[in-house]
Every structure is written in C-alpha cells, then in structure tokens.
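Right under this line is the structure:
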C-alpha cells in the first residue's frame, strides 16, 4: 500500500506541491504522517533552528509515532551535544542517533583528516561517510518512504530551487519550513519559549561540525561560513 501511495505521489508531485503551498508547516507534518504512517520520519541536526520543527512534532503529539533521526557525525561541537540533550528532555523526544560505521579515529587513520585538505572531493568523501550513508542506512532499516527536514529556501542556492515535496535519492523529501524567513524562525522560538543554541549567542547563524563551522563575519554569513566556503551543501539534500 505504501509503495502505491509513493508511486502515486511521484506521479502527481506537481499537484501535491500546489496543495502544500497553501498549508502551514504543522499541517504538512500531519499530511506526511497521514500519508505514510510509520514510514514517515524527520531528520534533525540539533543546529541553530532545529528546535522549531521538533517543537511542532511535540505539539502534534507525533514524537512517539514517527522516527526522529539525529545524524551525529562524531565531530559536533560540545555545545550541540548539550543543546540536543536539553531539547530531547524539554520536548519529550524519542531520537534515534545515526552514525557512521567508521569511528572518527578509524576514519582518520584510513583517509586522514578529510576536512583539512581544502579539496571538494575530500569533503564529499567525508560527508558520504559521516552523513549520507548513516542517513540512508537509517531510512533503509525502517523502510522510510518520506522524510521531512527543516531546510529553508534562503539558506543555499540549491535550497532556493527546492519544492515543498521532492525526490531525493529515490525517497520523498518534505520541507515544511521551506518558505520561512529568519524572522519567522525567531518569532516562533520566542512565542514558544524555545532555547537558543549556545553557539547562536556567539555569533553563529549556522552550525555543523566543529571543524567546518564558524561565526558570521563581515564578508561571510549563514551557510557561507561552513566548509571553509568550499561548498554550501553536505550532500544530504542533493541527489549527487
């Protein structure tokens, strides 16, 4: 039945995107759950804006009904691990941690510190090992047909071309916050009394791994502070 629903959506993806344009993010999450039941999931990085989507899941009482995947590279800043524990407790979340089959030490012994070479191909390898493969393994394990994330169109050139519903690596990807602005994020967090990521106070508007993130500067802001400016995407939200 799920396969038939997925095939139907892939066939009518334009029509569904027209419907999704006119509904709120919370309604999109409900739509995903009603369409896919236990084969619907969301992903989180416990980054700067992650509390928004997680709070919506909590308010909809979906946190025990759908899978919540945290892709932990093993290289996150200490502040992110602290923040994750706080949100998990505050929002009563049940989170499954997805990690690479290679420990950080083993990966470095085998491939070196891939983030230090300034080569895009090495960053691609790093992201494949520590982010993309762990995510795909989790999606495959639970036969997930559709996964939602908190990406927004203003973040990167790639995301500016995204639709609310699209296909990524043979699975449907739902983006409830796609058209939200920084102000939308700020006011939602303020209205719902959500804690800010500790690094936000230190000038970070985007945070990933400790070695590939930095605070906003005069010339670089947002996703441009990531990966030493070599690339904007980690590969999770692209087909390549």
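Residue numbers (the numbering used here): 101 to 340. All C-beta atoms, glycine included, are put in the ideal place defined by N, C-alpha and C. On a predicted model such as this, the values are computed, not experimentally measured, just so you know.
Residue span of the alpha helix (DSSP H) that contains residue i, given as start and end
i: residue 288; result: 282-291
i: residue 113; result: 113-120
Nearest-angstrom Cα separation, counted from residue j out to residue i
i: residue 264; j: residue 246; result: 12 Å
i: residue 240; j: residue 200; result: 14 Å
i: residue 191; j: residue 159; result: 9 Å
i: residue 138; j: residue 238; result: 13 Å
i: residue 301; j: residue 257; result: 26 Å
i: residue 206; j: residue 291; result: 44 Å
i: residue 135; j: residue 187; result: 27 Å
i: residue 145; j: residue 111; result: 31 Å
i: residue 226; j: residue 180; result: 19 Å
i: residue 157; j: residue 221; result: 36 Å
i: residue 115; j: residue 131; result: 14 Å
i: residue 277; j: residue 153; result: 8 Å
i: residue 223; j: residue 127; result: 36 Å
i: residue 167; j: residue 194; result: 8 Å
i: residue 313; j: residue 229; result: 18 Å
i: residue 289; j: residue 306; result: 16 Å
i: residue 311; j: residue 284; result: 29 Å
i: residue 254; j: residue 282; result: 9 Å
i: residue 303; j: residue 214; result: 26 Å
i: residue 122; j: residue 150; result: 23 Å
i: residue 202; j: residue 212; result: 13 Å
i: residue 185; j: residue 178; result: 11 Å
i: residue 287; j: residue 293; result: 10 Å
i: residue 266; j: residue 113; result: 7 Å
Integer-rounded CB distance, given that residue j should sit under 8 Å from residue i
i: residue 234; j: residue 330; result: The pair is not a contact, with the Cβ atoms about 22 Å apart (cut-off 8 Å).
i: residue 252; j: residue 259; result: 7 Å
i: residue 182; j: residue 295; result: Not really, about 10 Å apart at Cβ, beyond 8 Å.
i: residue 143; j: residue 249; result: 5 Å
i: residue 335; j: residue 232; result: 5 Å
i: residue 162; j: residue 133; result: 6 Å
i: residue 209; j: residue 169; result: Wrong, their Cβ atoms sit about 27 Å apart, outside the cutoff.
i: residue 173; j: residue 309; result: 6 Å
Heavy atom of the ligand PLP within 8 Å of residue i beta-carbon
i: residue 239; result: Among the ligands in the structure shown, none appear at all, so the ligand PLP cannot be discussed.
Just list the alpha helix (DSSP H) runs in the region 128-205, keeping only unbroken ones of 4 residues or longer that don't cross its boundaries, in chain order. 150-159, 178-190
Which runs of the alpha helix (DSSP H), 4 residues or longer, sit entirely within the region 209-275? 220-227, 233-241, 257-260
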